[in-house]
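The next block holds one structure in the form of structure tokens; read it before the comments.
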Ligand SMILES: *Cc1c(COP(=O)(O)O)cnc(C)c1O
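Residue numbers (the working numbering): 9 to 341.
Put into structure tokens, the structure is as follows:
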């Protein structure tokens with residue numbers, strides 16, 4: 009069954025060899041405080057220490073390295089203001105390729121500057137993410153640039169899967185792996201790797217309660233659109249694409265469940281990461297800890313939670329740590 013999916017364990021092993029030395033093999037540490045709550049050993053995979061601050065560098069690096077020399081010379085393009093944009097900018101530059109990142113005029117100047125600093129050619133177009141994506145499509149059509157999407161691409165999924173391979177190689181007896189879930193590139197890759205090595209390990213996707221496109225799509229049995237709402241876990245926003253080719257089928261086949269978290273729970277996860285573990289993580293990276301704290305995970309053995317990213321606005325982080333502000337108002341619609 010698993011071998012019929014778009015990305016195999018072999019693809020992920022090949023990705024590990026391809027990106028070796030170009031991404032950080034991140035540490036995995038035991039959490040005594042969470043073990044007490046979970047009633048099982050809990051390991052934290054500290055992927056927020058990855059270069060550019062998230063696992064997205066794995067997929068972007070694997071995708072850029074998988075291009076033919078001619079494709080690489082034409083350059084890569086994406087519409088992303090977040091972690092994928094950062095990762096693709098860095099991965100392309102490291103390989104001597106040009107990355108063009110398209111953004112709308114509404115994107116704050118500091119985000120634009122950050123991606124420019126990583127070496128990307130930033131193009132500001134239109135007033136929405138959709139218009140930025142239209143510019144990407146035009147650059148592909150008219151100028152021959154190669155689009156590298158943030159999740160729905162076999163090379164991207166295989167790259168994210170290298171994180172799962174690191175986990176299951178380090179802890180083959182892992183009973184449960186907790187994976188932040190949005191478009192499903194991370195979850196698909198990690199699940200293919202983990203279950204490829206140990207089919208008994210459960211892989212659970214974690215996302216915010218409202219605006220969870222993959223959860224709604226899995227429930228509907230096909231990709232569906234959901235209304236976007238603001239969340240502390242902003243990296244988990246966005247749809248999965250109505251024409252999804254890779255991640256929906258893989259998540260449907262491989263995930264053992266999806267757990268939803270409220271804004272209050274995500275905030276508690278960020279606070280625990282900071283106060284209990286000394287780690288600064290963004291909301292999307294905190295969902296594993298949040299689910300454990302909320303008692304939403306049952307595991308008969310060792311649990312691994314992936315801390316997927318650290319790119320949070322520091323003022324927002326401070327407010328969450330201090331329990332201030334309206335960040336959680338959305339729990340009460
Ligand atoms: C992109 C991202 C996710 C979700 O990954 P998908 O592959 O879209 O499911 C989770 N956490 C962080 C920090 C991210 O940047």
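Glycine residues also receive a C-beta, built at the ideal position from the N, C-alpha and C atoms.
Check: Simplified DSSP assignment, three categories, for residue 337; Outcome: With a pLDDT of 48 at residue 337, under the threshold of 50, the modelled position of this residue cannot be trusted; read the value that follows with caution. DSSP places residue 337 in helix when its eight states are reduced to three.
Check: Cα-Cα separation, residue 133 to residue 140; Outcome: 6 Å
Check: Where residue 213 sits in the DSSP three-state scheme; Outcome: strand
Check: Buried versus exposed, by CB contacts within 10 Å (16 or more), residue 37; Outcome: exposed
Check: Strand pairing of residue 203, partner residues [DSSP]; Outcome: Per DSSP, none; premise fails for residue 203.
Check: DSSP state of residue 186 mapped onto helix, strand, coil; Outcome: strand
Check: For residue 210, the nearest candidate out of 170, 217, 26, 306 (CA to CA); Outcome: 306
Check: Reference residue 279; option with closest CA among 332, 250, 261; Outcome: 332
Check: Collapsed DSSP secondary structure at residue 10 in the structure displayed; Outcome: In this prediction, residue 10 has a pLDDT of 46, which is less than 50 and means its spatial position is unreliable; nothing more can be read from the coordinates.
Check: Identity of the residue in 120, 155, 160 nearest residue 254 by Cα; Outcome: 160
Check: Distance between residue 70 and residue 10 (C-alpha atoms, nearest Å); Outcome: With a pLDDT of 46 at residue 10, under the threshold of 50, the modelled position of this residue cannot be trusted; read the value that follows with caution. Distance between the alpha carbons of residue 10 and residue 70: 21 Å.
Check: Residue 111, buried or exposed, once every other Cβ within 10 Å from all chains shown has been counted against 16; Outcome: buried
Check: Any 3 or more C-beta pairs closer than 8 Å across the region 176-192 and the region 218-226; Outcome: yes
Check: Inter-residue Cα distance where the pair is residue 20 and residue 169; Outcome: 6 Å
Check: Reduced DSSP category for residue 101 - H, G, I as helix; E, B as strand; rest coil; Outcome: helix
Check: Close-in-space but distant-in-sequence residues of the same chain around residue 123 (CB under 7 Å, 5 per side omitted); Outcome: 93, 94, 97, 109, 130
Check: Beta carbon of residue 25 nearer than 8 Å to that of residue 73; Outcome: no
Check: Distance, residue 301 Cα to residue 117 Cα; Outcome: 36 Å
Check: Residue 316: CB within 7 Å of a non-hydrogen atom of ligand 1; Outcome: yes
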